[in-house]
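Written below as structure tokens is the structure these notes are about.
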Amino acid sequence: MNSAIELIKVCKRYGSLNALHNIDLDIQAGEFFALLGPNGAGKTTLINIIAGLTLADSGSTKVMGHEVIQQYDDARRNLGVVPQELVFDPFFTVREALTIQSGYYGIRNNDSWINEIIHNLGLTDKADTNMRALSGGMKRRVLVAQALVHKPPVIILDEPTAGVDVALRQTLWDFINQLNRDGHTIVLTTHYLEEAEILCNRVAMLKQGKLVALDTMQNLISGISGYTLRLKLFPDTLPAELNKKLINYNGEYYLFDVDSYGQIEFILASLRRINIKVLDMNILQPDLEKVFVNMMHNGATQ
Amino acid sequence: MVGFLTLLKKEILRFWKVGFQTILAPIVSSLLYLLIFNQAFAAHVEAYPDIPYSIFLIPGLIMMAVIQNAFANSSSSLIQSKISGNIVFVLLSPLSYKEVFYAYILASTIRGLLVGMGVYIVTLLFFDMPPMFLPIWALLFIIIGSAILGALGIIAGIWAEKFDQLAAFQNFIILPLTFLSGVFYTIHSLPYVWQKLSHINPFFYLIDGFRYGFFGVSDVSPYVSLIIVTACFIGISKIAINMLKTGYKLRH
């Protein structure tokens, strides 16, 4: 297998802020990879370094084997980036913007591919509309289209579904999935963890500029033991002995960490003893969100 | 080459699509300057023997319009792209820093030429201009002048982080250099000290050399002016190219 993106000991500081610290990351060609972390963890800085928009202080970054600074021409031709901000050039229509973007990559007469992207992203009706007149969701689609004009083998999407309606999300993921099946490497950042869980096969988690997890989705989730028990109670109180098992109370539901079904029985028995009724009950299976919360709270480092 | 041509085309379309503001408006304001100054001073000022003040004024006003518009083209394009964030489309692409430099410079030069020729053509309708002495000199100075200002616009557009910083660059550097370069007068009419000071202003040589192309008369030799403005272009270009190459304020 070839590396699509390879980072070795990449560091970046902004004054006293350690934005990225010794990042080693190897994303294989063909992967659907999730890059997760809370706001300010360094995800966008990492993407910008891969894209050449930010210069790392030290370390090496390659895209499809090409150094992003020394061999910027090859590196950038192999990479498509969908930026997080909704940026656009107000002077042009959708089709003009895509034709111009193709030209930047040295591609003339790209109409048939541009038509295909426009069609697949549901932009056909808006193709000759000025960028200024598009809604946020439509602008987001154009950003995706712009990242694809040169058919890059590696595609990075920085929070592509932020502020996007359900229909577009579905269209977008169908299209991105298709690209992945066609052999494109996809790197995704998102705050919607359930999306990442469904789509991605490998995950990296960043916390304060450090890589705190890097594994397959399956390994990360199966590494979590136990379940989460969610209860709605009446009256809305809790016996003291259950407090130490409580992990969260949101004003309506109590969440408990449980290792086994036996413990669920124990919790229910304590409630019954003091006549607290269970109005609603769910047993939640381990998921990426739980992995994420654990990582971010425990500060576990690999 | 395709990348460079695309960026050039985009930069030309950018001003062409708002041509009312970027080409027509400067032509109208130059014409207003000309009519007003001619009305106010024609009877009192004689710059060169046998050349009426209104005719003397025309090349200066053309060059002034060229200077302002060539500078405005690259600088406003860059700062708008930076502030709105769409500069990433260029930065993500494999365009080299030289391609970016030449595309911006050339677009500025084309806008400078269009505005300059526009002002010239319109003045022909209102004033009795004698035929140009050596049009090739005028063309040479208008091209180098646009290119210098295009390069200065790149420097200002990259350096400025906000519109008011760009306005400061324009108001405190470009505008004084233009007004004190002999647009409205010949430096021979100035006190000695101001004459000497004018000689360190590169814009003076642009206007003086340009005027030579019109009348065959100038304050200094047009060859000296040509050498100085060419050297000036090379120096300013080196700074602009270096900013693009290192990613100064573009790639953080």
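Chains as they are written, first to last, in our numbering: chain A, 99 to 400; chain B, 56 to 307. No residue lacks a Cβ here, since even glycine has one placed at the ideal position from N, Cα and C.
Could you tell me whether the Cβ atoms of residue i and residue j are closer together than 7 Å?
i        : j        : result
Tyr146/B : Leu151/A : Here residue 146/B turns out to be Leu, not Tyr, going by the sequence shown. Closer than 7 Å, so yes.
Ile78/B  : Leu189/B : no
Asp122/A : Ile148/A : no
Glu257/A : Thr288/A : yes
Ile291/B : Leu204/B : no
Gly140/A : Ala117/A : yes
Val376/A : Gly324/A : no
Ala202/B : Phe288/B : yes
Thr285/B : Ala102/B : no
Arg306/B : Leu153/A : yes
Phe227/B : Ala211/B : no
Leu133/B : Tyr88/B  : no
Asn346/A : Leu336/A : no
Ser85/B  : Gly208/B : no
Pro149/B : Asp171/A : yes
Taking the alpha-carbon positions, what's the residue i to residue j distance?
i        : j        : result
Val192/A : Ile199/B : 36 Å
Ile365/A : Asn373/A : 13 Å
Lys217/B : Leu277/A : 39 Å
Asn380/A : Leu270/A : 32 Å
Leu246/A : Ile253/A : 8 Å
Ala162/B : Leu60/B  : 11 Å
Glu104/A : Glu129/A : 13 Å
His119/A : Gly157/A : 10 Å
Gly397/A : Lys308/A : Bear in mind that the predicted position of Gly397/A carries a pLDDT of just 49, short of 50, making it too unreliable to give a figure here.
Phe270/B : Gln169/A : 52 Å
Val143/B : Tyr202/A : 12 Å
Leu219/A : Met229/A : 15 Å
Asn146/A : Gly178/A : 12 Å
Leu232/B : Met119/B : 10 Å
Ile322/A : Asp334/A : 29 Å
Thr178/B : Ile113/B : 8 Å
Met187/B : Arg175/A : 50 Å
Thr399/A : Asn137/A : Confidence is the limiting factor: at Thr399/A the pLDDT is only 42, short of 50, which leaves the residue's position unreliable, though a coordinate-based value still follows. About 19 Å.
Asp219/B : Ser131/B : 12 Å
Ile284/A : Val180/A : 11 Å
State yes or no: is the C-beta of residue i nearer than 6 Å to some heavy atom of the ligand HEM?
i        : result
Ala127/B : With respect to the ligand HEM, the structure shown offers nothing to examine, as it has no ligands at all.
Check the Cβ of residue i against every Cβ in chain A and list those closer than 7 Å, keeping chain order.
i       : result
Thr61/B : Ile198, Gly201 and Tyr202
Arg69/B : Phe189
Lys65/B : Ile198
Lys72/B : Phe189
Give me the residue from the options with the minimum Cα distance to residue i.
i        : options                                   : result
Leu230/B : Asn256/B, Gly264/B, Asn93/B and Arg266/B  : Asn256/B
Ser101/A : Pro251/A, Leu232/A, Lys237/A and Ala243/A : Pro251/A
Ile216/A : Arg230/A, His164/A, Phe273/A and Gly178/A : Phe273/A
Phe196/B : Gly212/B, Phe227/B, Thr164/B and Ala223/B : Thr164/B
Leu90/B  : Leu252/B, Tyr108/B and Phe258/B           : Tyr108/B
Gln199/A : Ala243/A, Ser210/A and Lys342/A           : Ala243/A
Glu339/A : Leu331/A, Arg328/A and Leu369/A           : Leu369/A
Ser151/B : Gln225/B, Phe227/B, Gln250/B and Met56/B  : Met56/B
Leu266/A : Val285/A, Arg279/A and Val240/A           : Val240/A
Cys109/A : Leu144/A, Glu194/A, Ala127/A and Gln126/A : Leu144/A
Asp124/A : Pro188/A, Thr314/A and Asn137/A           : Thr314/A
Phe182/B : Thr301/B, Ile110/B, Val155/B and Trp192/B : Ile110/B
Arg328/A : Gln383/A, Glu165/A, Thr197/A and Leu291/A : Gln383/A
Which bits of chain B does residue i rub up against, with CB to CB less than 7 Å?
i        : result
Arg206/A : Val57
Gly234/A : None at all; the shortest Cβ gap to chain B is about 14 Å.
Gln244/A : Phe144
Phe43/A  : Residue 43/A cannot be examined here, being either before or after the span of chain A that is shown, 99 to 400.
Arg174/A : Leu147, Ser148 and Pro149
Only counting the same chain, and skipping five residues up and downstream in sequence, which positions put a Cβ closer than 8 Å to that of residue i?
i        : result
Thr142/A : Gln182, Asp256 and Thr287
Leu318/A : Val301, Ala311, Leu386 and Val389
Gly281/A : Ala127, Gly128 and Pro251
In chain order, what residues of the same chain lie with their CB nearer than 7 Å to the CB of residue i, ignoring the 5 residues before and after it?
i        : result
Asp263/B : Gly237, Ser273, Asp274, Val275 and Ser280
Lys48/A  : Chain A is shown from 99 up to 400; residue 48/A falls before or after that span and cannot be answered.
Lys72/B  : none
Ala158/B : Phe59, Leu62, Leu63 and Glu66
Thr227/A : Thr191 and Val192
Asn296/A : Note that residue 296/A corresponds to Ile in the displayed sequence, not to Asn. The answer is none, since no qualifying residue turns up.
For residue i, collect the residues of the same chain with a Cβ closer than 6 Å to its Cβ; drop the 5 residues on either side in sequence, then sort them by chain order.
i        : result
Phe259/B : Ser236, Gly237 and Ser253
Quick one: does residue i have its CB under 7 Å from some CB of chain D?
i        : result
Leu318/A : Structure shown: chain D not included; protein chains present are A and B.
Counting only Cβ pairs nearer than 9 Å, list the residues of chain B close to residue i.
i        : result
Gly150/A : Leu146, Leu147, Gly302 and Arg306
Val179/A : Val143 and Leu147
Arg239/A : Chain B residues near Arg239/A: none, gap ~16 Å exceeds 9 Å.
Determine the chain A residues that contact residue i at a beta-carbon separation under 8 Å, and present them in chain order.
i        : result
Asn141/B : Val185, Phe186 and Asp187
Below 8 Å on C-beta distance, what does residue i contact in chain B?
i        : result
Leu171/A : Per the sequence shown, residue 171/A should be read as Asp rather than Leu. Ordered by position in chain B, the residues that pass the 8 Å Cβ test against Asp171/A are Pro149 and Ser151.
Leu404/A : Look at the range of chain A in this structure, 99 to 400, and you will see that residue 404/A is not part of it.
Residues of chain A with a CB under 9 Å from the CB of residue i: which are they?
i        : result
Lys251/B : Within 9 Å Cβ-Cβ: nothing; Lys251/B doesn't reach chain A, min ~45 Å.
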